[in-house]
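Number of protein chains: 2
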Amino acid sequence: MHSTGRTTNENAARAVAGHSSISSFLINHGIKPTRQRVAIATHLFEKDQHLSADIILDKVNKDSTISTVSKATVYNTLKLFVDEGILREVAIDPERILFDTNTKDHHHILNVDTGEIRDIEPLQIDTSSLPELLGEKLDSVDLILKVRNQLSAPR
Amino acid sequence: MHSTGRTTNENAARAVAGHSSISSFLINHGIKPTRQRVAIATHLFEKDQHLSADIILDKVNKDSTISTVSKATVYNTLKLFVDEGILREVAIDPERILFDTNTKDHHHILNVDTGEIRDIEPLQIDTSSLPELLGEKLDSVDLILKVRNQLSAPR
DNA sequence: ATTTATGCAAAAACTTTGCATCCAG
DNA sequence: CTGGATGCAAAGTTTTTGCATAAAT
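Residue numbers (this note's numbering), protein chains in the order written: chain A, 476 to 630; chain B, 476 to 630.
This is the structure:
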């Protein structure tokens with residue numbers, strides 16, 4: 476229902492590239508660009524990444540060239556960004572709720588040894604054996620491939 | 476490394492069916508069957524289900540024909556069950572960490588309107604377009620299909 | 001001036017830890 | 001007895017809420 480002809484992520488990238496046009500990026504999505512929100516958005520959207528609420532808090536308050544922010548505001552702002560569709564909340568690792576700045580259709584690889592998360596292109600999934608959805612429609616497909624380091628036998 | 480010729484779930488079902496042989500089920504998995512653990516396991520494994528820590532606490536303490544249990548013990552016991560492989564921690568909904576009594580290979584459908592979670596058989600996934608895993612090996616595949624109720628137009 | 005939105009301190013909810021107690025050998 | 005395991009109160013984290021303040025009309 477946002478009527479730009481551009482995807483969210485192109486906007487985000489452009490906004491960051493164009494430095495302080497983070498503001499217009501937020502405005503374009505119906506979000507008032509307060510100092511705190513601009514500070515949070517600047518750190519969030521600097522690249523595609525998966526961050527937890529308190530990592531974001533740290534980032535923002537360490538480099539507080541823009542503004543310092545409370546924990547509550549970080550949580551509230553992240554929730555707002557999710558509601559407005561510029562950020563995605565993902566349950567990749569049960570240990571931590573992460574926010575994913577890539578809102579395009581994609582899947583994840585989680586290295587359970589290192590905690591590293593990588594984005595991958597959507598894979599083909601054969602849903603022909605799926606039981607029919609009565610009165611329901613498919614909304615999204617979350618796929619997480621968990622991998623481990625090959626510590627021992629290379630074979 | 477557990478050497479019964481039976482799957483975990485058959486054991487669980489049998490254990491519950493055979494009433495107080497929950498104890499032997501726990502013992503078979505190297506878990507000392509204390510009163511608290513038996514109480515928790517009895518409620519957990521009564522059927523395949525997805526429960527959060529405090530739902531389990533409620534269940535156990537409401538019907539405390541066996542024992543009453545503190546919150547901490549529920550958390551510690553659940554973690555123990557996960558470590559011993561009779562329970563699975565799943566990140567299906569970012570809002571809540573759930574424990575899944577079905578430890579067989581399977582996937583999930585989450586109805587985001589109702590919060591209901593259903594198990595489904597593993598679907599075929601085409602991994603041919605996957606980037607190669609250098610020094611890593613695939614450990615598990617988590618697939619969550621999110622569905623919505625068809626509130627409006629059926630077409 | 002009134003209304004609506006914002007940001008944060010405090011409260012609530014969730015999870016972990018340290019230690020007193022229990023139990024098996 | 002003794003050593004290891006157990007269970008929980010209390011501490012530590014994380015998240016939400018309610019309200020004082022700020023912005024917009």
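The beta carbon of each residue, even a glycine, is placed where N, CA and C say it ideally should be.
Owing to the predicted nature of the structure, the values given are computational and were not obtained by experimental measurement.
Residue-chain proximity (residue i, chain B), Cβ-Cβ < 8 Å
{"i": "I531 (chain A)", "result": "no"}
{"i": "R623 (chain A)", "result": "yes"}
{"i": "E559 (chain A)", "result": "no"}
{"i": "L613 (chain A)", "result": "yes"}
{"i": "L562 (chain A)", "result": "no"}
{"i": "V535 (chain A)", "result": "no"}
{"i": "H494 (chain A)", "result": "With a pLDDT of only 42 at H494 (chain A), under the threshold of 50, the placement of this residue in the model should not be trusted; the figure read from the coordinates follows. Not closer than 8 Å to any Cβ of chain B, the Cβ of H494 (chain A) fails to qualify, so no."}
Within-8 Å CB hit, residue i to chain A
{"i": "D568 (chain B)", "result": "yes"}
{"i": "S498 (chain B)", "result": "no"}
{"i": "I572 (chain B)", "result": "yes"}
{"i": "L526 (chain B)", "result": "no"}
{"i": "L618 (chain B)", "result": "yes"}
{"i": "V565 (chain B)", "result": "yes"}
Continuous alpha helix (DSSP H) stretch holding residue i: start and end
{"i": "I619 (chain B)", "result": "Not the alpha helix (DSSP H): I619 (chain B) falls in the beta strand (DSSP E), residues E611 to N624."}
{"i": "I497 (chain B)", "result": "I497 to N503"}
Residue i - containing beta strand (DSSP E), residue span
{"i": "I600 (chain B)", "result": "Q599 to D601"}
Status (buried if at least 16 other CB within 10 Å, exposed otherwise) for residue i
{"i": "T552 (chain A)", "result": "buried"}
{"i": "I502 (chain B)", "result": "exposed"}
{"i": "H477 (chain B)", "result": "Any reading at H477 (chain B) needs caution, since the residue's pLDDT is 39, under 50, leaving its predicted position unreliable; the model's value is listed next. The residue in question, H477 (chain B), is exposed, as its Cβ has fewer than 16 Cβ neighbours within 10 Å."}
{"i": "D588 (chain A)", "result": "exposed"}
{"i": "D601 (chain B)", "result": "exposed"}
{"i": "A547 (chain A)", "result": "exposed"}
{"i": "T540 (chain A)", "result": "exposed"}
{"i": "L626 (chain A)", "result": "exposed"}
{"i": "L532 (chain B)", "result": "buried"}
{"i": "T543 (chain A)", "result": "exposed"}
{"i": "I619 (chain A)", "result": "buried"}
{"i": "R593 (chain B)", "result": "exposed"}
{"i": "K510 (chain B)", "result": "In the sequence under discussion, the amino acid at residue 510 (chain B) is Arg, which differs from the Lys named in the question. When all chains shown are included, R510 (chain B) counts as exposed."}
{"i": "E596 (chain B)", "result": "exposed"}
{"i": "T479 (chain A)", "result": "Here the model assigns T479 (chain A) a pLDDT of 40, short of 50, so the residue's position is not dependable, and the following value carries that caveat. Its Cβ having fewer than 16 others within 10 Å, T479 (chain A) is exposed."}
{"i": "L562 (chain A)", "result": "buried"}
{"i": "E591 (chain A)", "result": "exposed"}
{"i": "L609 (chain B)", "result": "exposed"}
{"i": "D529 (chain B)", "result": "exposed"}
{"i": "D575 (chain B)", "result": "buried"}
{"i": "L613 (chain B)", "result": "exposed"}
{"i": "E471 (chain B)", "result": "Nothing about residue 471 (chain B) can be reported from this structure: the residues present for chain B run from 476 to 630 only."}
{"i": "D580 (chain B)", "result": "exposed"}
{"i": "E607 (chain B)", "result": "exposed"}
{"i": "D464 (chain A)", "result": "Since the first residue of chain A shown is 476 and the last is 630, residue 464 (chain A) is not available in this structure."}
{"i": "D617 (chain A)", "result": "buried"}
Mind listing which residues of the region 599 to 611 of chain B have their C-beta closer than 8 Å to chain A's C-betas, in chain order? Q599, I600, D601, T602, S604, L605, P606, L608, G610 and E611
With a floor of 4 residues, list each alpha helix (DSSP H) that falls wholly inside the region 515 to 592 of chain A, ordered by position along the chain. 528 to 537 and 546 to 558
With 7 Å as the limit, tell me which residues of the region 539 to 556 of chain A have their beta carbon closer than that to any beta carbon of chain B; keep them in chain order. none
For the region 583 to 597 of chain B, enumerate the residues whose C-beta is nearer than 7 Å to any C-beta of chain A, in chain order. N586, V587, I595 and E596
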